[in-house]
Every structure is written in structure tokens, then in C-alpha cells.
Amino acid sequence: MTEKTSPAPKKTAGAFDIRNIIGALLGLYGVILLLAGIFGDTASAKTGGVNANLWTGLALLVVSVIFLGWARLKPIVVPADVEPVADDPTRPAPRHRH
-12 MTEKTSPAPK KTAGAFDIRN IIGALLGLYG VILLLAGIFG DTASAKTGGV NANLWTGLAL
48 LVVSVIFLGW ARLKPIVVPA DVEPVADDPT RPAPRHRH
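Here my numbering is used: the first residue of the sequence shown is -12, the next is one more, and so on.
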């Protein structure tokens, strides 16, 4: 009998993926603006009769869902083994403390 070895699970960036951070921030701002648009003053005289907070909040929530979905569907895979970097002449030398 031969045993099939399953490949090691791929490690992803997870919460450190910038798309998750951007999506969460846009979602937070979207919720705040949505609540301000629903419960706050609409200031319709300044915006030509449009509830700008409500529509901007909805747009931010849609973009937030797109970012979070993108990060979920196509995660960034972190390589298991990373080759050591050879000496790079353009990189500044480390400073040694005396």
C-alpha cells in the first residue's frame, strides 16, 4: 500500500494583507457615514437635495466588500522557504554601535 502525502498547507498573509486593512477601514468609515446619513442632518441645501453622507457611506461599504472579497478569493501566499539575500552593493551597511 502506498501512502499519499498531502502537500503542506499554504500560509497566507491573513490579517496582514493590505487589502484586509484597507477594506476594514473603508467599511468603518462607510458605517459611520451611513449612520450619519440616516440619523444626522442631511444638509440638503448644501448638496442640492442629495443625502451625501448616506450615498458616500453606501459606496464605501460596497468598495469595502470588494476589497475584503478580493483578499478572501485570491489570498497572498507566503513562501515557506526564502533564499538568503546575497550582499547587495546598493544596500547601506548596518551601523554598529560602539
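Using N, Cα and C, we set each Cβ at its ideal position, and we do this for glycine too.
- The Cβ-Cβ distance between residue 54 and residue 20 does not fall below 8 Å.
- Bounds of any alpha helix (DSSP H) do not take in residue 77, whose DSSP letter is neither H nor E.
- In this structure, the alpha-carbon of residue 9 lies about 38 Å from that of residue 84.
- Listed as beta-bridge partners of residue 64 by DSSP are -1.
- DSSP places residue 6 in the uninterrupted alpha helix (DSSP H) bounded by 5 to 26.
- Between residue 73 and residue 7, the C-beta gap is not smaller than 8 Å, which leaves the two residues out of contact.
- Of the residues assessed, residue 56 falls on the exposed side of the cut-off, its CB having fewer than 16 other CB atoms within 10 angstroms.
- Using a Cβ distance threshold of 8 Å, residue 24 and residue 41 count as a contacting pair.
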